[in-house]
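Trainee:
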Amino acid sequence: MSSAIISNDDEYYIRVLDKASTLARTHFQNGTELFQKKHYDEAIDILSQCLNQFQTERIVLDELDHDVFIQASSSNWKQVAALTDKSSLELAAKVLITRGLCFYNSTLSSSSSLSESAREMKFQKAIHDLNNVSQHYKLYKRLYFAENGYEYLLYKDWEALNLFLSSMKAYFLQGRCLQQMKERSPSRVVSNSDNSDLSSTLETAITCFSEAISMAKDLKQHLDIVANVNNCKATLEQFPQYFLNRGLCYNDIASYDLAISDFTTLISMTEKESSSSTHDKKQSQLLIAYHNRGYAHASERHYDEAIDDFTKAISCFNSLTENSFEKNQNFENYVQTLYQRARILQKYITDHIFECKSSKDEKLASKIVKYKKMACDDYDLVIKLNPTNTYPYRFNASQIFILVANSMEHFRPKQEIEESYLKAIPHLKECISQKPSFFKLYLDLARCLQKTNQNKNVDELVCLYDKSIQLMETEVEGKWISKTQKANIYFERGVLNNKLQDKTDQSISDFTKAISLNAEFTDAYFNRALIYYLKKKKFDLSLQDLRKVVEINPNDIEAYLEIVMISVELRKYEDVKKVLETILELDPDNVIALNYMEHLRNHTESKISNTSHSIREEHSFDQDIEAQKKKKGTSDKSLKNLFKRKDSSSREEKDPSEEHHQSSSNGKKLFVDPNFPPVKKSLLGTGNLADFELPAHIKNLDTGIVWLRPNEITGVTKPALFVDGHDYNDVMQGALGNCWVMSGFAIVANYPHLMKKIIVESKCNPSIGKYTFCFFKEGESKEVVIDDLIPCDALSRSYLFSCSRDPNELWVPLLEKAYAALYGNYYSLMGGHLKDSLVDLTGGIPFTCKVSSQNMEEIWNLVCSLPRPNTDLTRCKSIKLMGARSETSASDYTGIINFHAYSIIEAIELPTYLTNGKRVRLIKLKNPWANAMEWRGDWSDSSSLWTPELRKFVGNQFNTQDGIFFMSLEYFAVQWNLIEGVEIFNPSLWSQYITRGFFDSNIRSDNDWTADLLEETQFLIENPSENNRVIISLAQLDTRYDYDKKNTDSCIAIHLLQYDKPFAGRNSSRINKIQKKSILVQNEYMEEREVVIDKVLPAGTFVAIPHEYFTTNCADAECGSYTLRIISEKKMNIFELKP
């Protein structure tokens, strides 16, 4: 008599098999043959029949006396093991993995003919089967290898080893299914497969790949003892793919350092492969690895490393055998790599061209010229290989030629510069033929023709400018152009119109328009002045413009000389003398001024013969810096779009008597919040039911969920806001993916001073179910009033979302409800960053710290700065509160959940007299799930390293079911990737400036970035003190507020500069030019809710500029509001300078 085990929703079943065992194996063999022939649907039917051989009715184990199906539980594993046949269990896993592969492969092979829902359903079926394989393996270990040292015995057991290998493959295939469930990403290369886009499914995929990698590493360490070494080695041939696919996932969620690590491992493994791998196969694998590592390097702005990787990938393709399968298969990958290398070469040029222009560094200039040739050659080759869609490649090539020539024309050979402009012209003409509505193409073509003297016909050049301006003012692209750029275009047309006999008035009009767009455009004032003087003979208007020039730029000698000439014609000799004296102060050796001063002394009149009245044909243009951009990291436990709510500041509390439909036991009417009523919309907003982690029996929100008062909830007998105070141990996360919120609650619960601010007990009235909470939003405190109707499971009448460990304690579910009300619904709390919840709870300034084994001392010093629980924060100058997140842990082995926010509770260093002289530093953390998912390694709750004396030293608080655990600093540095939190400043010891404003400009062009930056509001900071620590925080409008308008954070940054103009308080002039030497802090542009500068400043005057970054492809972007906070250790004066 034999038996087998089948899993169903994490329950395992045993069936005593007799003749059915033989039949099941026959079905499996037949199904496998069909699978190998790629008859997937037929194979699925046969394999399903095989699984049906294991199914019958359920009875309890004690009734097992004949051929029936029974349920196994954790209390009777040994009894179950005695009845179970190992080979039948192995067969069940083989059937499941084969059927899972059938679902997976059939989906890929028929993907084009399947609807999106059908495709996803098939992948889900594959994932279900593959997950069951892993569950069977875990059960098998529990049944037969539960004793210590089971790993050693497991590898020597034939059936166990086969199950191990099947489980490892199943984890990998689950990850692949999750990747395939999203559309292909155009930015990277994968082998023979689709790519995944940024999605919450990637979190699970990464966990699956991490499990497979961990198992493969263990297998490699035990190859000398395994039961079947050849089978193991064959399975490990796929090991490099595990790193490839996990690396791709990391790239998609912007964890680029982790992606680089995986691709580096992949490259190393591939290069060390045995000679059994063919040359072409190895080079194909390396091409993919180098390309994707190059993409990760490029995203981190490591451009030289990225270029090197893309070059190696191209070399790998070129080394493939001509017309081979691998070369044909990788052709599209090769084209993509060429394009990516060209794009990154272009980015390097853009980032360094203005540094080169200002420094005239020949070495850097030579490198840029080299990269220009490489990039444009790459674009030309891509055009040749992909002639159907050449516009983006031609446009990019033209922009490289123009940018390099424009920036280097004053210090590189003239022939080289003219050649760049010449090469841009055919690209621009072809682009115009493909996209005739883009104004910039006509503009760039006109400029190139002028630079190369290719078109002497001024009328034709003016026509190009006319077309460009017409499109700029009428087409959608035009709204992305800054005023400064528009001014430059009108200026250039004005110069050309001035050359035409009948276009004088049009020329004046163009310069006037340029001035209206840029009130400090000295070249436009100067040119208009000369036309008024020479062609219109309007001397007063000419003098007026010239005086404006020298007012803006008191060093403009040419303008002073023109004033002299006009004043002479008007016979205003006193004015002439004063202006000449000014010129000689600026330039004592100015020959023209000296000559004319001599004529004045001799009382003779003379024209200044050495001055030719010529207008300025080129406007001055300077730019020293380039925008630094950084992608946003993933949020904790969810990458879903966040659904928003109406602004809570508009929440009005109505007369409760109009709203109550219930009464308390004492006859008082119970309060019902009219702004957050107990209805479906308050739960879901515009979200989906499937995104909630609800119990399986809840299929409908209307019938499965009920809103209950505390005394109606199961287990609640004496409801109270607090039971025996409050601390981190109270918090238990529920069926909502909001660990970033719950971990924040656990952290602040340790500090009564903070809790008193958050929970406004003086405004709470439990007798009518009315509670008031306070959050920090947009630079100010915002109170939220709610009722005590709490969402519950209609079947069990128990808490659905968060609750306290003691069900009588209400502060946790009520605070969660208030936070949901702030944003409009519970669903809006899905996914986020712990630091953001801590800012909302405390009003602190956010910070992050990367975690690695290289900065353990920095980590230790940071976690040691945590204040002890119950610390009186009013006596502290500032405090830091924080939590941690992992992206790389293998959960099944470590117990650490990836993409999940944990609270850091405290840091403890054990006394050496209790550790045999060894230094042991421990960090205490809390998983908000508050269950058995805890760290399983050294110093975990059940670790043998704990002696009774050590347990007593740390407080004897050990419970393997509470989610609270210790781990050593060394393991912390390996298992975690990030610490994030807030620093809270004591308002009585720090000065604080808070203001709200709107971004005044969007970035419009990589070639004129600072012009747009300078259109923003500037904040002038007068700092009279040395060594003054200053924290500047810029927070954009929280995107959870209004999902319909904007569902992701914009790229924002703050820039801090030295102020080099005369200081006049609020009457000070705005800075109108940025030079590299004046920059103190140039922030990276980040897709974060809040960005921060933290710097110790010397005495002096500075300017802070907030900015929101958008590129020209953000067609639906809009300028948004922001909150700026400036906190300083010593008092400063701050003035707002509007544009």
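Okay, so the sequence shown: first residue is 4 according to this note's numbering, each after it adds one. A virtual CB, placed ideally from N, CA and C, is assigned to each residue, including glycine.
With the cut-off set at 8 Å, would you say glycine 966 and lysine 927 are in Cβ contact?
Mentor: Contact flag unset, no.
Trainee: Use the C-beta contact count for glutamine 39: other C-beta atoms within 10 angstroms, 16 or more gives buried, fewer gives exposed.
Mentor: exposed
Trainee: Taking the straight line between their C-alpha atoms, what separation do you get for alanine 752 and histidine 729?
Mentor: 6 Å
Trainee: Which residue comes first and which comes last in the beta strand (DSSP E) that contains histidine 1110?
Mentor: 1103-1112
Trainee: Using DSSP bridges, identify the partner residues of cysteine 777.
Mentor: Glu786
Trainee: Going by Cα to Cα distance, which pick from Gln241, Glu909, Gly834, Leu164 is closest to glycine 958?
Mentor: Glu909
Trainee: For a test of the three-state rule: what should DSSP assign to proline 659, helix, strand or coil?
Mentor: Low local confidence applies: a pLDDT of 37 at proline 659 is under 50, so the model's placement there is unreliable, with the coordinate-based value given in what follows. Under the three-state reduction of DSSP output, proline 659 falls in the helix class.
Trainee: Where do the N-terminal and C-terminal ends of the beta strand (DSSP E) with methionine 1135 fall, by residue?
Mentor: Here methionine 1135 belongs to no beta strand (DSSP E), and DSSP marks it neither H nor E.
Trainee: What residues in its chain sit with their C-beta under 6 Å from that of serine 994, if we drop five residues either side in the sequence?
Mentor: Excluding residues within five positions, the ones whose Cβ falls inside 6 Å are Ser1131, Lys1134.
Trainee: Thinking isoleucine 882 and proline 870 are a contact (beta carbons under 8 Å), I'd like their distance in whole angstroms, please.
Mentor: 5 Å
Trainee: Using only alpha-carbon positions, find the residue among Ile1055, Asn714, Phe902, Ile716 that is nearest to glycine 1123.
Mentor: Ile1055
Trainee: For the alpha helix (DSSP H) holding isoleucine 900, just list the boundary residues, first then last.
Mentor: Looking at the DSSP string, isoleucine 900 is not in any alpha helix (DSSP H), and its letter there is neither H nor E.
Trainee: For glutamine 1193, count neighbouring Cβ atoms within 10 angstroms of its own Cβ and tell me buried if that reaches 16, exposed if not.
Mentor: Lying before the first or after the last residue shown, residue 1193 is absent from the chain, which here runs from 4 to 1142.
Trainee: Note down, in chain order, each residue of its chain lying with its Cβ closer than 6 Å to the Cβ of glutamate 325, except the 5 sequence neighbours on either side.
Mentor: Hits under 6 Å: none found.
Trainee: Is it buried or exposed, glycine 984, if we count other Cβ atoms within 10 angstroms and call 16 or more buried?
Mentor: buried
Trainee: Ordered along the chain, which non-local residues of its own chain (more than five positions away) have a Cβ less than 6 Å from that of aspartate 839?
Mentor: Setting aside the 5 residues that flank it on each side, aspartate 839 is surrounded in the same chain by Arg1092, each with a C-beta closer than 6 Å to its C-beta; the list follows chain order.
Trainee: List the DSSP bridge partners of leucine 1059.
Mentor: Val1084, Ala1107
Trainee: Let me check understanding here. Comparing Cα to Cα, which of Asp705, Glu812, Lys683, Leu686 lies closest to aspartate 733?
Mentor: Scanning Asp705, Glu812, Lys683, Leu686 for the CA closest to the CA of aspartate 733 turns up Glu812.
Trainee: Sort out for me which residues DSSP pairs glutamine 995 with in a bridge.
Mentor: Ile1130
Trainee: For the 8 Å Cβ check, are there 3 or more pairs between the segment 204-219 and the segment 159-179?
Mentor: yes
Trainee: When you compare each of Ser855, Gln857, Val709, Val866 to serine 801 by their alpha carbons, which one comes out closest?
Mentor: Val709
Trainee: The beta strand (DSSP E) with lysine 883 in it runs from where to where?
Mentor: 881-888
Trainee: According to DSSP, is alanine 985 helix, strand or coil?
Mentor: The amino acid at residue 985 is misidentified as alanine; the sequence shows valine. In the structure shown, valine 985 sits in a strand (DSSP, three-state: E or B).
Trainee: With a cut-off of 8 Å, do at least 3 Cβ pairs link the segment 783-795 to the segment 821-828?
Mentor: yes
Trainee: Tell me the rounded alpha-carbon separation between valine 977 and lysine 773.
Mentor: 46 Å
Trainee: Near glutamate 1121, which residues of its chain fall below 7 Å by C-beta distance, leaving aside the five closest residues on each side in sequence?
Mentor: Bear in mind that a pLDDT of 46 at glutamate 1121, under 50, signals an unreliable position, so the number given afterwards is only what the model happens to contain. Excluding residues within five positions, none has a Cβ falling inside 7 Å.
Trainee: Can you confirm whether the segment 433-450 touches the segment 410-420 when touching is taken to mean that 3 or more C-beta pairs between the two stretches lie within less than 8 Å?
Mentor: no
Trainee: For alanine 292, tell me which candidate among Gln244, Met833, Ala1107 has the shortest Cα-Cα distance.
Mentor: The residue with the shortest Cα to Cα distance from alanine 292 is Gln244.
Trainee: For glutamine 1021, which of helix, strand or coil comes out of DSSP?
Mentor: strand
Trainee: Residues in its own chain within less than 6 Å of serine 77 by CB, not counting five upstream and five downstream?
Mentor: Only weak support exists for where serine 77 lies, its pLDDT of 42 falling under 50; the value from the coordinates is given anyway. There are no such residues.
Trainee: Going by the DSSP bridge assignment, what does glycine 1000 pair with across the sheet?
Mentor: Tyr1125
Trainee: Spatial neighbours of lysine 363 within its chain, please: CB distance less than 6 Å, with the 5 preceding and 5 following residues excluded, ordered by chain position.
Mentor: Phe414
Trainee: Among the residues of its own chain, which have a CB less than 7 Å from the CB of proline 722, if the five just before and after it don't count?
Mentor: Pro713, Asn714, Asn811, Leu813
Trainee: Pair every Cβ in the segment 757-765 with every Cβ in the segment 950-964, then say whether three or more of these pairs are closer than 8 Å.
Mentor: No contact exists between the segment 757-765 and the segment 950-964.
Trainee: Is glycine 835 helix, strand or coil by DSSP?
Mentor: strand
Trainee: Is it true that the CB of arginine 28 sits closer than 8 Å to the CB of leucine 94?
Mentor: Cβ atoms of leucine 94 and arginine 28: closer than 8 Å.
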